[in-house]
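Engineer: Handing you a structure now.
Residue numbers (my numbering): 1 to 277.
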């Protein structure tokens, strides 16, 4: 049995198309999207429609990520203040891009479990952990923070969210983070996804890294209006993609409260932050 798992596309259709082509060449029995197909990128409608077409015609399965949750929340709830509107402007821009297509994600589950043929070797797929889809597992997370966050009766736990590909073992359970298709944060700009092979009563896993035409993504960010219409934070998101590095938490820690209190404008806070990079 062959299974492909990918995640964290973040509206990057250039990367997604390359990953889809590679997956289809490999010809797996099952393909799983492990969350964050959309948001934080320029081509959300195109990514969602491509995935939905594969789900309809080839049985690809989705798992909901935190950005599906966020965009669905934005679709149903107006911002409570002008400050909140500015801080979530990139997500509202995504919501506008998707239009009625946004509701195709409502039924996406938070978890999937499956086992190998004629075997009790289970794997569990979720965007984060049992603690939620914003709870990621990265190399720096110590083992004592993982108690209660991973099912007990599994062979392989598949996660995402951190945009950092990872394989590790916790209490005899293997953990696989499939990395990010559209915006890796591990210093490697190539798209990432995972191939799983069930053989000899055992799940084998491999991380695949693929080059794609990054100039198209850069052009899409301009031509779609992402950089000009999705608010100042779109520039931080773009720099994360450009550097394959996590930046937003550092901006949040230094500037978010100051922006919310009116001490500094969002635009000035972003410009000041970007000048330090």
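Glycine is no exception: its CB is placed at the ideal position from the N, C-alpha and C atoms.
Here the structure is a predicted model, which is why all the values come from computation and not from measurement.
1. Can you give the beta carbon distance from residue 10 to residue 36, rounded, assuming they're within the 8 Å contact cut?
2. Suppose contacts are defined by Cβ-Cβ distances below 7 Å. Is residue 230 in contact with residue 89 by that definition?
3. Residue 227 to residue 50, Cα distance in whole Å?
4. DSSP state of residue 42, grouped into three classes?
5. Identify which residue in 189, 274, 124 has its Cα closest to the Cα of residue 232.
6. Go through its chain and collect everything with a Cβ distance to residue 251's Cβ below 6 Å, but skip five positions before and after it.
7. Does any C-beta atom of chain D lie closer than 7 Å to the C-beta of residue 237?
8. Just to confirm the assignment: which complete beta strand (DSSP E) runs, minimum length 3, are found wholly within the stretch 62-140?
9. Taking the CB atoms as reference points, tell me whether residue 83 and residue 133 lie closer together than 7 Å.
10. Return the bridge partner residues of residue 193 from the DSSP annotation.
11. Would you kindly report the start and end of the unbroken alpha helix (DSSP H) that includes residue 23?
12. For residue 214 and residue 94, I'd like the C-alpha separation in whole angstroms.
13. Under 7 Å Cβ to Cβ from residue 221, same chain only, skipping five residues before and after it: list those, please.
14. Sort 117, 139, 111 by Cα distance to residue 131 and report the nearest one.
15. First and last residue of the alpha helix (DSSP H) that includes residue 4?
16. List in chain order: all unbroken beta strand (DSSP E) runs of 3+ residues lying wholly within the stretch 233-270.
17. Taking all protein chains shown into account, decide if residue 263 is buried (16 or more other Cβ within 10 angstroms of its Cβ) or exposed.
18. For a quick check, are the C-beta atoms of residue 22 and residue 180 less than 7 Å apart?
19. Using the beta-carbon count (16 or more within 10 Å), is residue 60 buried or exposed?
20. Who are the near neighbours of residue 69 in its chain, counting only those whose CB is closer than 8 Å to its CB and skipping five residues on each side?
21. Between the beta-carbon of residue 188 and the beta-carbon of residue 245, is there less than 7 Å?
22. Around the Cβ of residue 212, are there at least 16 other Cβ atoms within 10 angstroms (buried) or fewer (exposed)?
23. Which residue comes first and which comes last in the beta strand (DSSP E) that contains residue 216?
24. From the DSSP output, in three-state form, read off residue 277 for me.
25. Label residue 200 either buried or exposed according to how many other C-beta atoms from any shown protein chain fall within 10 Å of its C-beta, with 16 as the threshold for buried.
26. Counting C-beta neighbours from all protein chains within 10 Å, is the total for residue 224 16 or more, i.e. buried, or is it exposed?
27. Buried or exposed: residue 240, going by 16 or more other Cβ atoms within 10 Å of its Cβ?
28. Cα separation between residue 113 and residue 104?
29. What span of residues does the alpha helix (DSSP H) with residue 185 cover, start to end?
Structural biologist: In this structure, then:
1. Yes, residue 10 and residue 36 are in contact; Cβ-Cβ is about 6 Å, under 8 Å.
2. Cβ distance < 7 Å, so residue 230 and residue 89 count as in contact.
3. The C-alpha of residue 227 lies about 23 Å from the C-alpha of residue 50.
4. In the displayed model, residue 42 falls within coil according to three-state DSSP, outside both helix and strand.
5. Comparing alpha carbon positions, the residue from 189, 274, 124 closest to residue 232 is 274.
6. Excluding sequence neighbours, residue 251 sits near 236, 273.
7. Although the question refers to chain D, the structure presented lacks it and comprises just one protein chain.
8. Listed in chain order, the beta strand (DSSP E) elements of length 3 or more contained wholly in the stretch 62-140 are 111-115, 122-126.
9. Residue 83 is not a Cβ neighbour of residue 133, given a cutoff of 7 Å.
10. For residue 193, which the question treats as bridged, DSSP gives the partners 208.
11. Per DSSP, residue 23 belongs to the alpha helix (DSSP H) from 13-26.
12. Rounded to the nearest whole angstrom, the C-alpha separation of residue 214 and residue 94 is 21 Å.
13. Excluding sequence neighbours, residue 221 sits near 42, 227, 238.
14. For residue 131, the nearest C-alpha among the options comes from 111.
15. Counting along the chain, residue 4 falls outside any alpha helix (DSSP H), though it belongs to the beta strand (DSSP E) covering 2-6.
16. Fully enclosed beta strand (DSSP E) runs of 3 or longer: not present.
17. Of the residues assessed, residue 263 falls on the exposed side of the cut-off, its CB having fewer than 16 other CB atoms within 10 angstroms.
18. It is not a contact, given that the beta carbons lie outside the stated cut-off.
19. When all chains shown are included, residue 60 counts as buried.
20. Same-chain partners within the cutoff: 133.
21. Contact: no.
22. Residue 212 comes out buried.
23. Element bounds for residue 216: not the beta strand (DSSP E) but the alpha helix (DSSP H), 214-223.
24. Residue 277 falls in the coil class under three-state DSSP.
25. Exposed.
26. By the Cβ-count criterion, residue 224 is buried, with 16 or more other Cβ atoms from all chains shown falling within 10 Å of its own Cβ.
27. Residue 240 counts as buried, since no fewer than 16 other beta carbons sit within 10 angstroms of its beta carbon.
28. A straight line joining the alpha-carbon of residue 113 with that of residue 104 spans about 21 Å.
29. Note, residue 185: premise wrong, no alpha helix (DSSP H); not H, not E.
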